[in-house]
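Residue 55 in numbering that gives the first Met the number 0 is what sits at position 56 of the sequence shown, and the numbering runs on without skipping anything. All C-beta atoms, glycine included, are put in the ideal place defined by N, C-alpha and C. All values reported here derive from a predicted model rather than from experimental measurement. What follows is one structure encoded as structure tokens, with my remarks underneath.
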Amino acid sequence: MTSTLTGAATIGGVCGAPIRHSMSPLIHNAWIAGLGLDAAYVPFAPDEARFEAFINGLCGGAIRGLNVTIPFKERALALADTASDLARLAGAANLLVFQPDGSIQADNTDGPGLLAAVQVQAPGFDVTAAPVVVLGAGGAARGAVATLVLAGAPEVRVINRTLARAEALAKALGDRVTAADEMALPALLADAGLVINATALGLGGGPGPVADLALTPADAVIMDMVYKPLRTEFLQRAQALGRRTVDGLEMLLRQAVPSFEALYGQAPPAHVDARALALRHLGEG
Ligand code: NAP
């Protein structure tokens, strides 16, 4: 952790409500220390009713930028002057960068984080080769679906307990996105190249989504966005079938990389093992 900030220090941070559980300060400050930067990454928990005032106060030059997490990602996008295609399509921003002229630039690094995690843990996976099944239709699912559409997935099938939410997501994201309820799942898994749990199921050690992963092709990749615990029940089922798996912690770590680059102007140091640090923090190391 940086303890020798000067008056020229670069300050970034993360805001959410709650923010106490966030691992982003741990990760970014480890990278800052590893590079010996005159910088810091600070957690903020703004009052939910006064989020806009909080952001407007910061973009006057107080800090370089900010990651944004639940429940502010949609409101963050609405405050931005410019936004990346992905942030617009996802309808949410997890990164705001404050420009010297006071304007706000929005981006979404959750999507690139998801794709990078798949490339790290399932090398050679081709997102354009086969349909993707996304379980869930909340904020995380929407970011994932937008990313997959922009990356060229031939079809993204959104399955959700509340069908109307999946249908709304499909309608918003174009004709390569289809919606179905859980009853339709068996037929939709049979030719899937990638299956992603983007529901909250499995968090804290409970059972994951009800999906018979034995129906997926033998070379399908199974991913879980949940990372507490690291080896969720969903991933354990996939591993027992011999499927390649991708965990939610890798996604979290990978979305932090472009955020760090945008805030501090350089890549994280290769010699700092942020995954090992996060695993120890989660009690998994
Ligand atoms: P959210 O907006 O609240 O959406 C929750 C989703 O889970 C909805 O689709 C909801 O279905 C479904 N769900 C909840 N309880 C269910 C149940 N008992 N049975 C079936 N479906 C259920 O949450 P979110 O922001 O999308 O986050 C989803 C998960 O992704 C969380 O666990 C979050 O921690 C994780 N996440 C991880 C990362 C990462 O970097 N690894 C990033 C973002 C999010 P209904 O629509 O029917 O309610």
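Worksheet item: Any heavy atom of the ligand SAM within a distance shorter than 7 Å of the CB on ARG230?
Response: You won't find the ligand SAM in this model; what it holds is the ligand NAP.
Practice prompt. At 3 residues or longer, and completely inside the stretch 173 to 225: list those beta strand (DSSP E) runs for me, N to C.
Written response: 176 to 179, 193 to 196, 220 to 223
Worksheet item: Under the DSSP definition of a beta bridge, which residues are partnered with ASP106?
Response: LEU94
Discussion item. At a threshold of 7 Å, does LEU25 count as lining the ligand NAP (C-beta to nearest heavy atom)?
Written reply: no
Fill in: the stretch 147 to 160 contacting the stretch 173 to 187, beta-carbon criterion three pairs below 8 Å
yes
Discussion item. Less than 8 Å between the C-beta atoms of ILE26 and ALA255, yes or no?
Written reply: yes
Worksheet item: Across which residues does DSSP place VAL119 in a beta bridge pair?
Response: VAL119 pairs with nothing; no bridge assigned.
Worksheet item: Does the separation of the CB atoms of PHE50 and GLY15 fall below 8 Å?
Response: no
Practice prompt. Using 7 Å as the cut-off, classify the Cβ of VAL225 as near or not near the heavy atoms of the ligand NAP, replying yes or no.
Written response: yes
Discussion item. Buried or exposed for PRO216, going by 16 or more other Cβ atoms inside 10 Å?
Written reply: exposed
Discussion item. Pop quiz: TYR226 and GLY247 are said to be a contact at Cβ under 8 Å. What is the actual Cβ separation, rounded to whole angstroms?
Written reply: 3 Å
Practice prompt. Starting from the C-beta of ASP190, find all residues in its chain whose C-beta is less than 8 Å away, skip the five residues before and the five after it, and write them out in chain order.
Written response: ALA129, PRO130, PRO216
Item to complete: Select from GLY90, ALA140, ASN55, LEU114 the residue whose C-alpha is nearest the C-alpha of ASP100.
Response: ASN55
Practice prompt. Tell me whether GLY33 sits in a helix, a strand or coil according to DSSP, three-state version.
Written response: helix
Worksheet item: Thinking C-beta only, is ASP106 closer than 8 Å to LEU94?
Response: yes
Worksheet item: Just to confirm, does ALA140 get its C-beta within under 7 Å of one of the non-hydrogen atoms of the ligand NAP?
Response: yes
Practice prompt. Would you kindly check if the distance between the Cβ of LEU85 and the Cβ of THR146 is under 8 Å?
Written response: yes
Worksheet item: GLY138 lies in the beta strand (DSSP E); which residues open and close that run?
Response: Per DSSP, GLY138 belongs to no beta strand (DSSP E); it is in the alpha helix (DSSP H), 138 to 149.
Worksheet item: To the nearest angstrom, how far is it from the Cα of GLY284 to the Cα of VAL271?
Response: 15 Å
Discussion item. ALA219 and ARG242 - do their beta-carbons sit closer together than 8 Å?
Written reply: yes
Practice prompt. Give a yes or no on contact between the stretch 123 to 143 and the stretch 193 to 206, applying the rule of three or more CB pairs nearer than 8 Å.
Written response: yes
Item to complete: With distances taken Cα to Cα, identify the nearest neighbour of GLN33 among ALA269, ARG274, ARG279.
Response: At residue 33 the sequence reads Gly, which differs from the Gln that was named. Per the Cα distances, ALA269.
Worksheet entry | Start and end residues, alpha helix (DSSP H) containing ARG156 | Not the alpha helix (DSSP H): ARG156 falls in the beta strand (DSSP E), residues 155 to 158.
Discussion item. Distance check for ASP211 and GLY60, CA to CA, integer angstroms please.
Written reply: 52 Å
Discussion item. With a threshold of 8 Å on Cβ separation, who are the neighbours of ARG63 within its own chain once the five nearest residues in sequence on each side are excluded?
Written reply: THR9, ILE10, GLY11, VAL96, PHE97, LEU262, TYR263
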